[in-house]
Amino acid sequence: MRRLITVFIYFLPAAAILLHGCTYQGPVKEIITEKRIARANTYMQGGNYEDAITYYTKALKVNPQDAIAYNNRGLAWGKKGDYDNAIADFTKAVEINPQFADAFYNRGFTWGKKGDYDNAIADFTKAVEINPQYADAYKKRGIAYYDKGDYDSAIGNYTKAVEINPQDASSYNNRGIAYYDKGDYDRTCSDFQKSCELGYCKGLDWARKEGICNK
14 MRRLITVFIY
24 FLPAAAILLH
34 GCTYQGPVKE
44 IITEKRIARA
54 NTYMQGGNYE
64 DAITYYTKAL
74 KVNPQDAIAY
84 NNRGLAWGKK
94 GDYDNAIADF
104 TKAVEINPQF
114 ADAFYNRGFT
124 WGKKGDYDNA
134 IADFTKAVEI
144 NPQYADAYKK
154 RGIAYYDKGD
164 YDSAIGNYTK
174 AVEINPQDAS
184 SYNNRGIAYY
194 DKGDYDRTCS
204 DFQKSCELGY
214 CKGLDWARKE
224 GICNK
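With my numbering as the guide, the letters of the sequence shown map in order to residues 14 to 228.
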């Protein structure tokens, strides 16, 4: 059985999709792989990334075609700041399972950490092609466009994210920032206000201090 564990930290720090192993033919192979992935996941959740990598690697020795183990090991590499190994593992995951939207998302995020926004956008695009309701992928693609200075595309992606998830304060806040950089202060204040209503008020607090949103 699969179970998604989503860890999202606001803005560009890593948002991670950690998955449990899937079922394989052969009871011994299945049991060994499941146990090793479960142990690795426990290490991940405890912040012990080195041991997590060790046990994902052990799982892959039993089943080299386990896309989830590659994805999760990629997350562990990313947490250690080893983005090249992370990208290599996410790449292997999507080679094994070309419909693995989370692995494309994670690789896109890692490209963003390396400052390669074009590859990040390409991977987030693939993620939303596979799963058109992937709000976080739209949000992250918006961030990548913003970092490239393409504010209109950023706004379009944040808008799509809030259409899918109207309770996502960070997407409203991010869109408000993009509107600010375009000089559209009315929309800036509207989005900051909505973000604050949903529990994130830093954008609105800043804008009020700057005299932008004092109406």
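C-beta atoms are modelled at their ideal positions from N, C-alpha and C, and glycine is treated no differently.
What you are looking at is a predicted structure, and each value in this text was computed from that prediction instead of being measured.
Residues Gln180, Asp181, Ala182, Tyr185 of the same chain have their beta carbon placed closer than 8 Å to that of Leu211, with the five preceding and five following residues left out of the count. Asp115 is a Cβ neighbour of Asn84, given a cutoff of 8 Å. Pairing Gly216 with Tyr62, the inter-Cα distance amounts to about 33 Å.
Distances from the CA of Asn54 to each of Pro145, Trp90, Tyr68, Arg120 were compared; the closest alpha carbon is that of Tyr68. Between the alpha carbons of Ser208 and Arg188 lies a gap of roughly 10 Å. In terms of Cα proximity to Lys92, the closest of Pro111, Lys71, Gly59, Asn110 is Gly59.
Under a 10 Å Cβ-count criterion, Asn170 is classified as buried, with 16 or more other Cβ atoms of the shown protein chains found around its own Cβ. Straight across, the Cα-Cα distance linking Asn98 with Asp204 is about 38 Å.
Pairing Asp136 with Gly121 gives a Cβ-Cβ distance under 8 Å. At the C-beta level, Asn76 and Lys105 stay beyond 8 Å of one another. Short of 7 Å from the beta carbon of Arg52, and not among the five residues preceding or following it, lie these beta carbons of its own chain, in chain order: Tyr68. In this model, Lys195 and Tyr164 are separated by some 7 Å (Cα to Cα).
For Ile134 against Ala148, the beta-carbon gap comes to about 16 Å, at or over 8 Å, which does not count as contact. Of the candidates Asp197, Val107, Ile225, Val141, Val141 places its Cα closest to the Cα of Ile177. Annotated three-state conformation of Phe205 is helix, per DSSP.
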